[in-house]
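To start, the structure itself, in structure tokens.
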Amino acid sequence: METSKLVSLVFVFLGICVKIIACNQWTAGIFAIPKLNVKLSNTPNDTSLDIHTWNQCLLLCAHATTCKAFNYHVYSFRCELFVDVDCRKLDKSDGWKFGVIKTDNNSKTNVAVNKTTYQSTIGSNGRSGRAVDGNTEGIYNEESCTHTLEEMHPWWIVDLGKAYELCKIVIWNRLDCCSDRLHDFAIEVSNELFDGENVNSTSWSREYLYTGTPANNPTTIAFPQTSVGRYIKIQNAIDSSIDALTLCEVEVYVESADCECALGKV
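Residue numbers (mature numbering (1 follows the signal peptide of the UniProt record, and there is no 0)): -23 to -1, 1 to 243.
Okay, structure coming up:
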């Protein structure tokens, strides 16, 4: 009984420490949003038994300083800690909860800025990199927008450099004229290596199909909860249409630039 009380007091102390000064590691509160019935299938860096609550497992991870994520099993009271996180290795598993350590300092981050880009063709000197240069002006003569030739299914791709679990994409259209060139487009993602030329050499997963021309500028589209990808493609999806594709900025948001899993998603 005395041992149990001592353990409880230790966890209370750790909770205060985490919230106020985070045991000299963080200066903001620490929390994690559980993914229910999901676990990370990697081999854990550390495992503790007889951990009777999710919060106790969270505090163990926070106190470990190098821990980024954890699994907690509500039936066996098992707590598994991880230094590295790979969202592609998340599996559905009954009774498990998966969490990623998050601090109040974290914010959703645009990971597309200045990343490598590709497009099907180049028209009017509208190179693909203009869509990730941070300029959302939407005036073509200010060199802020991309442009392909008029063709069937023109496409644009950004390479994020590694796989992220994706939150949302924000697409900025032209403001001077010709905004109708962005219409009926598909948003697709892939984790397979793209050779930079043959778009059909990579397997793509369609995450969203926008019908018509966007009514708002910018247009914000939330990714489905299972979206994980390194490459993001925007492509005209109309078979009977010959068009140029123009994008003035594309922002891709994930939970944190140094964390490959967005929180609270399965």
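Virtual Cβ for every residue (Gly too), placed ideally from N, Cα, C.
On a predicted model such as this, the values are computed, not experimentally measured, just so you know.
Between GLN96 and THR123, the alpha-carbon positions lie close to 9 Å from each other. Secondary structure of TRP73 (DSSP, three-state): strand. Excluding residues up to 5 positions away in sequence, VAL60 lie with their Cβ nearer than 7 Å to the Cβ of THR43 in the same chain. Between the alpha carbons of ALA221 and PRO131 lies a gap of roughly 7 Å. Judged by DSSP in its simplified three-state form, TRP31 adopts helix. Each of GLY138, TRP181 and LEU143 was checked against the Cα of THR197, and the nearest Cα belongs to LEU143. From the listed residues LYS145, GLY72, LEU152 and ILE209, the smallest Cα separation to GLY173 is found for ILE209. Judged by beta-carbon spacing, ASN91 lies within the 9 Å limit of ASP110, meaning their Cβ atoms are closer than that value. The DSSP-derived three-state label of SER182 is strand.
Within the region 129 to 202, the complete beta strand (DSSP E) segments of 3 residues or longer fall at 132 to 142, 145 to 149, 162 to 167, 182 to 186 and 196 to 199, listed in chain order. The beta-bridge partner set that DSSP reports for CYS56 consists of SER25 and TYR49. Shortest Cα-Cα distance from ILE148 to any of LEU26, LEU35, GLY115 and CYS155 involves GLY115. Its Cα nearest to that of ILE146, the residue LEU186 stands out among LEU186, SER18 and ASN168. With fewer than 16 other beta carbons inside 10 angstroms of its own, GLU119 counts as exposed. Ranking PHE171, ASP27 and SER121 by CA distance to the CA of ARG55 puts ASP27 first.
With respect to THR188, ASP161 sits close: the two C-beta atoms are nearer than 9 Å.
Taking C-beta separations shorter than 8 Å and ignoring five residues to either side along the sequence, the partners of SER18 in its chain run LYS66, LEU67 and ASP68, following chain order.
In the DSSP secondary-structure assignment, THR86 is bridged to VAL231.
No Cβ-Cβ contact shorter than 9 Å links GLU184 with ASN87.
A straight line joining the alpha-carbon of PHE75 with that of LEU170 spans about 28 Å. DSSP places ARG207 within a strand segment (E or B) once states are collapsed to three.
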